[in-house]
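Just so you know, this note's numbering puts 549 at position 518 of the first sequence, and the rest follows in order with no gaps.
Contents: one structure, followed by commentary.
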Amino acid sequence: MEGLKSRALHHLSHTHKVLALSSLHHFYEHLLQCCTSLTTLKLIHSSLSTRGFLLHTPHFLARLIILYSKLGDLHSARTLFDHRHHHHHGHTQAPNSFLCNTMLRAYANAGRSYEAIDLYIYMQRMGVGINNFTYPFVLKVCASELGAVFGKVVHGQVVRTGFGSDLFVEAALVDMYAKCGVIGDSHEVFDRMLIRDVVCWTAMITLYEQAERPLEALMLFRKMQEEGFLGDEITAISVASAVGQLGDGRMAISVHGYAVLNGFIGDVSVGNSIVGMYAKCGNVERARLVFDRMEERDGISWNSMLSGYTQNGRPTDALSLFNQMQASECDPNPVTALIMVSACSYLGSKHLGRKLHNFVISSKMDIDTTLRNAIMDMYMKCGDLDTAVEMFNNCEPGKRDVSSWNVLISGYGVHGHGKEALELFSRMQVEGVKPNDITFTSILSACSHVGLIDEGRKCFADMTKLSVRPEMKHYACMVDMLGRAGFLNEAFSLIKKIPSRPSDEVWGALLLACRIHGNTELGEIAANNLFQLEPEHTGYYVLMSNIYAASNKWKEVEMVRQNMKSRGLKKPAAFSVIEFGTEVHGFHTADQSSPYYREVYRKVESLAIEMKMVGYVPDLSCVLHDVEPEDKEHLLNYHSEKLAVAFGIMKMDQGMPIQVTKNLRVCSDCHWAFKFISSIYGRKIIVRDANRFHHFQGGRCSCGDYW
DNA sequence: CTAGGGTTAG
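In structure tokens form, the structure reads like this:
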């Protein structure tokens, strides 16, 4: 009896112990799951260690190693790892595969490639079993840093050790080759796979999408479905991105349908990518619809929608959505700031730009060099050179980079301050900043805007000395510069010297020069190249027809117009904005939606009469429409930039400059008219067009009619 | 107990 009792007691206490132990394990597991700081982790670590759990429960050891590496303390992770297998007898003892894999994972996730490879080699040397779990980590490291050469070596080892047909390892190989840019090898691995799943199909689709080969990505997507795989959220994201690259609105709708039908749309990331896809296809309305219907929105959702508006030339919509964002529970981040800064640049509104800058400062978000450069650029594009320069000067030299210099140089360039641009260009070199390709486009276009031909030629010659290889965009700048200055033949022979096929920007620059100098023959050569290269680009048709119109070749004008019409091309809508106090007013061509339109219309009509009295003759060459001359003249009055300027003359105080931003190039008649207006009214008129700034004062323009 | 595919901005 007594014996039985004692045995029962013993049994009971044993169960108790086991129970306690298991709940302790759960307790620690819970602690580790909640642990987000190094200090807490160290406390848990020492507690686990005193209980002896680390010696007997490899699970906790692994958890600690992973957590340490996640929180950035790889040293502690490694110490733990080393300690474990030095423990028993004080001499090195081969660690087991599991632990090594864990440590490898820690290195791979932290991007510590060389330590990871070191460990991998150590494993091979010590004869630690390398298994199917090991390779994905090693291949990840190859993908991110070491490259395809090393990856190929590992691939060989995969095959030799007999893991060549493990689904996970194969998928990792596909991804590795893809990230190293060896698409052929990826495809080869993929083709040899006997069993495939969603993950490796998606990896293949993503690979083509990332390589900007959207058609092939979509073909794979179809093939995947034919083989009976539905795909999942991540597939949907990749496919949406591919369709966004194609810009095909109808396909966008069907991908959207795919996501809805399969229930992927509830996923925030899927929603985000659909929003971005629609925006890239030019369908902001649908983008907004999806955005509004999302159950859950994160920072990326807002940023996608905001940049969608900006990309589609709708900065005012971006700004009002930005206000909504601030009222929501989602805080703007530095990327948001970057998008909004570019919206303000586009709009050309000094006031809104400054307000945004103040917001960025007060929100205490991290202003890195990229964001600071964007803000400087915004000030330049809003006509506030002083603030941009001040920001540049107040910035510690360590926080400036080439782009900061580039922003200033190109900013001075678009304002027609060629000398200052050149000074900055040499100053940056004195201060030891190496000019890059963008520096040269900035300086060359600055020279071009002011007609500093010799300086421009010298900079172009200096490029190779400073080991920057001339690219197509630099040739385009040179053609632009030479062409504007009237050296059309020199420009044309430079084009012939370009080692590869001249791009549309190069021919476009020549075409523009031909319009300025009324050269029909060279213009036709340029245009014919352009119509082949970019048949959908409206601007080139418009330019060519302007050239014909200027030399009264109306039959040819009609031909170009018909050509445009048959391709279904329309002149993009012109849009001009003017800042008035804290408001921004926008005008389309012949706009009747503005609350002020009646008075503005009366003003442009009276302006036309006033100008004619002092010698203005309407320049009809920029009217494409097939109408009577009187009607053409009438149409000219309602150009968006004229409406905006008339609004400014009416509403703004005499001392205030009138600043207007137009989305396209300012038309030649408006340019001429503004000279008259600036002189009649004694006002400063500043117009920013798609190319540069025009400062009108006393009957002259800062561009010297050189634009 | 450990593993593979991802969207926004520039």
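Glycine included, each C-beta is placed from N, C-alpha and C at the ideal position.
Being a predicted model, the structure only gives us computed values, none of them experimental.
Check	Outcome
I305 beta carbon less than 8 Å from that of V321	yes
DSSP-derived helix/strand/coil call for H616	strand
Residues that DSSP places opposite R719 in a beta bridge	T692 and F724
K673 classed as buried or exposed, judged by whether at least 16 other C-beta atoms fall within 10 angstroms	buried
Backbone secondary structure at A203 - three-state DSSP	helix
DSSP-derived helix/strand/coil call for H120	Low confidence applies here, because H120 scores a pLDDT of 49, under 50, leaving its location unreliable and the question unanswered by this model.
Alpha-carbon spacing of Y239 relative to L79, whole angstroms	48 Å
Short Cβ contact (8 Å threshold) for V691 with I609	yes
Residues bridged to E641 (per DSSP)	DSSP output for E641 lists no bridge partner at all.
Cβ-based burial, N424 [other Cβ within 10 Å; buried from 16]	exposed
CA nearest to the CA of M282, picked from G554, R714 and G313	G313
CA nearest to the CA of H665, picked from G554, V481 and D650	D650
Whether R191 touches F168 by CB criterion (8 Å)	no
Cβ-Cβ separation, C545 to L519 (assumed contact under 8 Å), whole Å	7 Å
For R731, the three-state DSSP class (helix, strand or coil)	strand
Bridge partners - V391, DSSP secondary structure assignment	Partner(s): none; V391 has no beta bridge.
Neighbourhood of E327 by C-beta, 6 Å cutoff - its chain only, sequence neighbours within 5 removed	V299
Whether I711 touches V615 by CB criterion (8 Å)	no
DSSP beta-bridge partners of I609	H616 and V691
Cβ neighbours of L105 in the same chain (closer than 8 Å, five flanking residues each side left out)	Y99, A137, Y138, A141, R143 and E146
Cβ neighbour criterion (16 or more within 10 Å) applied to P346	buried
Extent of the continuous alpha helix (DSSP H) to which Q355 belongs	P346 to A358
Contacting residues, own chain, Cβ-Cβ under 6 Å from H287 (five flanking each side not counted)	I305
Ordered list of alpha helix (DSSP H) runs contained in the stretch 294-329, each at least 4 residues	299-311 and 315-324
Environment of K171 [buried if 16+ CB atoms lie within 10 Å]	buried
Under the three-state DSSP convention, the category D417 falls into	helix
Residue nearest to L574 in terms of C-alpha spacing, selected from N583, I547 and N127	I547
Buried versus exposed, by CB contacts within 10 Å (16 or more), R731	exposed
Nonlocal neighbours in the same chain, by C-beta distance under 7 Å from V676, ignoring five residues either side	I689, V691, F705, I708 and I716
Own chain, CB closer than 7 Å to E243, minus 5 neighbours either side, in chain order	Q276
Secondary structure of Q623, DSSP reduced to three states	coil
The stretch 251-264 touching the stretch 289-298, judged by at least three CB pairs closer than 8 Å	yes
For D263, three-class secondary structure by DSSP	coil
Residue range of the unbroken alpha helix (DSSP H) whose run includes F84	F84 to H87
8 Å Cβ cutoff met for I526 and V510	yes
Contact under 8 Å by Cβ, A179 with Y208	yes
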